[in-house]
Structures are given as structure tokens and as C-alpha cells.
Amino acid sequence: MNHLFLPKEITNVGVPPVKCQGIKTKLIKFISQSISWNGKGKWIEPFLGSGVVLFNICPERALVSDTNKHIIQIYLDIQSNKITPSIVRDFLEENSNKLLKDGQEYYNFIRSRFNETGSALDLIFLNRSCFNGIMRFNSKGKYNVPFGHKPERFRKAYITKIVNQIKWVSDIIRSRDWQFKAVDWRETFSLAEENDFVYLDPPYIGRHTDYFNNWTERDAVDLSEYSRKLKCGYALSMWLENKYRKNDHIENHWNNLEIKSFAHFYHVGSKESLRNEMQEALAIKPSFTSNEFEIEQLRKKEIKKTENLFEFV
Ligand SMILES: C[S@@+](CC[C@H](N)C(=O)[O-])C[C@H]1O[C@@H](n2cnc3c(N)ncnc32)[C@H](O)[C@@H]1O
Numbered sequence: 008m009n010h011l012f013l014p015k016e017i018t019n020v021g022v023p024p025v026k027c028q029g030i031k032t033k034l035i036k037f038i039s040q041s042i043s044w045n046g047k048g049k050w051i052e053p054f055l056g057s058g059v060v061l062f063n064i065c066p067e068r069a070l071v072s073d074t075n076k077h078i079i080q081i082y083l084d085i086q087s088n089k090i091t092p093s094i095v096r097d098f099l100e101e102n103s104n105k106l107l108k109d110g111q112e113y114y115n116f117i118r119s120r121f122n123e124t125g126s127a128l129d130l131i132f133l134n135r136s137c138f139n140g141i142m143r144f145n146s147k148g149k150y151n152v153p154f155g156h157k158p159e160r161f162r163k164a165y166i167t168k169i170v171n172q173i174k175w176v177s178d179i180i181r182s183r184d185w186q187f188k189a190v191d192w193r194e195t196f197s198l199a200e201e202n203d204f205v206y207l208d209p210p211y212i213g214r215h216t217d218y219f220n221n222w223t224e225r226d227a228v229d230l231s232e233y234s235r236k237l238k239c240g241y242a243l244s245m246w247l248e249n250k251y252r253k254n255d256h257i258e259n260h261w262n263n264l265e266i267k268s269f270a271h272f273y274h275v276g277s278k279e280s281l282r283n284e285m286q287e288a289l290a291i292k293p294s295f296t297s298n299e300f301e302i303e304q305l306r307k308k309e310i311k312k313t314e315n316l317f318e319f320v
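My numbering numbers the first residue of the sequence shown as 8 and each following residue consecutively.
Structure, rendered in C-alpha cells:
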């Protein structure tokens, strides 16, 4: 039998230490069960973001990149052992006391220091204590997210959680042949070979705009044109439709691909009643699709139906 690397079932989705907008944690199972790939080449991710897809797919060989050099630096420092779980624990423990004492003033001090030195440890601190755990840089490339207003943020349990996330990614990175690069997607595309698989998760057109996420209609069209020329398999993640609108870009520019969709819910504000549905799409090169995800969903529905029947007996 021809063994495939993907689709694969991921029972426990792991969470990496970096948070960013558009993080695909909720879509891991959908992605890992909708793609079919033999895993003979390398997994290529030109828009790495937090790395949640990479770490959960966990290929033997990978080439991953992002123009956000600060995220890439965190992973390069982990790869070279400059950042280890114990270094992160010591750093957060020391700085948690100072944050507790001086709150916002201390957060702003670390933010200014990071904007001067680009220290990966400072970014981990900021990313985990800022407002809403986001990653945003102003037009000059300076991190500008305000404080999350929780001086007690780095409690013991929270530090342990972050340290465990660092340990999880360090163990994986050190046992794999992975290359991290801070480059534009075009450079990464030029290194794609026949047996590779390219997973694309570009920024939303005209949304979340900041120094590293300046993504225009022109960029999006270029990406679809370059992708058509790839000799290997590839897939694109993108929103498909919500209550208000359908994403015409997929129909107009990715119509050579097979579209799979998955609905998930997000909350608008704090009330449970304000729940909106979003359809996410995975547009996949036709010979690289798998139906495992749909089959799994049907199986789960059947099990639920049977359980409901038993409740009436
Ligand atoms: C939607 S996010 C990726 C999210 C990621 N899949 C995750 O789950 O965390 C898009 C990423 O593309 C990066 N990016 C924006 N423009 C880029 C470009 N021209 N080349 C490479 N990466 C770019 C951004 O820095 C951002 O990290």
C-alpha cells in the first residue's frame, strides 16, 4: 500500500507560544484531514504566522517563512538553543514581579526596549501580556499593542503554560529538518520542488493592515498566478463566506482548485447570543485532496444520532 503522510488525524491540537491574528488553531483538523500528500518532499509555509499549522502537521522536512522577522527570530532562537524552556521560565519569573509592581509603566518599558533591540524574549513577554494577545506593528515597524491591563498576568500557572508551549515546540524543532526564513513569499516559492507541498495562509485583503500585513488585491492576484505555476501540491486557506458576504476572490482567482469548506463560529462581543457563523475554505490542487474530514464529520453525526436514540429508550 502507498503510505500517505496526509491526511492524518490529530486528536490533541497543540498550541505554540506565539499568538497572532488569523491563527488557525480551530482549523487544524480540517486542514490535516483534507489534504492528501505523500510527505516525500518538504512542507512549505510561506506565511507562517504563529506556526500552529506547521507544529501540528509536524513534517520531517520543512521550509517555512514570514516577512515578520520577529516571529521567525523566536523560532530561530529556539532552534539554536538561545531560547530554552528554562531560560523562558527565569525570564518570565523575574519580569512578572516587576510587572506586578509597576504595571503599565513596566510593560511600556519592555515595549520600548523590544523596539530598540528586537529581543525575542521581550516579544514573548509582550505578546502574552498585551491587549488581546495580538501582534501588531506601526508603519515604522514598531510593536504598538497596548498593555492588557493585567499586572498579575504572569501567575505561576500561566508561566508554566507558556514554558510548556516552548518545550513542545523546541522538542519538535530539534528533532526535525526545518528551515526558518524571514523573507517574502516569492523567495520561498522559488525553492519549491516537485515532491513538496505548499500551504498558503496569506493575510486578508485590506484587513489587519500593519507593517507586516500589508496585503493588497494585487498581492493576492500575484499569489494565485504564481501558485498555478507550482509543480507540487498546494492549498490555500481563506474565508469563504459569512452572514453578510461571500468571498469573490476565491471564485475569481482560485477556480482551478477544489474547494472544501468548514463552518465555525466566532463571538461578537461577550454575549453568547452574538454568535456569527463563518465558512472557511481550503482550496486545494485537485489531485491532493482527501475526503477524510467529511467522512469523520458524518461518522460523528451518526454517533450523536445513535446516542440521542438511546436517550429515548
Ligand atoms: C493569516 S497570517 C498566518 C497565520 C498562520 N497560518 C497561523 O495559523 O498562525 C499571515 C502571515 O503572513 C505574513 N505576511 C504578510 N505579508 C507577507 C509577505 N509578503 N510574504 C510573507 N509573509 C507575509 C504575516 O506576517 C502573517 O504572519
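Beta carbons are placed, not taken as given, at the ideal position from N, Cα and C, and that holds for glycine.
- Contact between residue 173 and residue 59 fails: their C-beta atoms lie close to 14 angstroms from each other, not under 8 angstroms.
- For residue 219, the CB falls within less than 6 angstroms of some heavy atom of ligand 1.
- In this structure, residue 144 has its beta carbon at no less than 6 angstroms from each heavy atom of ligand 1.
- If you look at residue 258, you'll find it in the alpha helix (DSSP H) that goes 255-260.
- Contact fails between the segment 109-122 and the segment 45-64, because fewer than three Cβ pairs, one in each stretch, are under 8 angstroms apart.
- Taking all protein chains shown into account, residue 191 has fewer than 16 neighbouring C-beta atoms within 10 Å of its C-beta and is therefore exposed.
- At a Cβ-Cβ threshold of 7 angstroms, residue 227 and residue 257 do not count as neighbours.
- At least 7 angstroms separates the beta-carbon of residue 233 from that of residue 205.
- Closest option to residue 188, judged by alpha-carbon separation, among 270, 84, 308, 115: 84.
- With a cut-off of 6 angstroms, the C-beta of residue 229 is classified as distant from ligand 1, since no heavy atom of the ligand falls inside that distance.
- Straight-line measurement puts the Cα of residue 238 at about 44 angstroms from the Cα of residue 153.
- Its chain contains 68 as the residues whose beta carbon lies nearer than 6 angstroms to that of residue 184, once the 5 sequence neighbours on both sides are disregarded; these appear in chain order.
- Counted as a single uninterrupted DSSP element, the beta strand (DSSP E) harbouring residue 282 occupies residues 282-291.
- At least one heavy atom of ligand 1 is found less than 6 angstroms from the C-beta of residue 31.
- Within 6 angstroms of the C-beta of residue 48 there is not a single heavy atom belonging to ligand 1.
- Rounded to whole angstroms, the Cβ separation of residue 290 and residue 310 is 30 angstroms, and the two are not in contact under 8 angstroms.
- Residue range 163-181 is occupied by the alpha helix (DSSP H) that includes residue 176.
- In the three-state reduction of the DSSP assignment, residue 242 falls in the strand class.
- For residue 192, the uninterrupted alpha helix (DSSP H) run begins and ends at 192-196, by DSSP.
- Collapsing the DSSP output to three states places residue 233 in a helix.
- The beta carbon of residue 198 lies closer than 7 angstroms to those of 70 in the same chain, with the five residues before and after it left out.
- Residue 213 is classed as exposed because its beta carbon has fewer than 16 other beta carbons within 10 Å across all chains shown.
- A Cβ-Cβ separation of about 5 angstroms places residue 195 in contact with residue 72 under the 8 angstroms criterion.
- Residue 217 places its beta carbon less than 7 angstroms from that of residue 143.
- The DSSP-derived three-state label of residue 313 is helix.
- At least one heavy atom of ligand 1 falls within 6 angstroms of the beta-carbon of residue 74.
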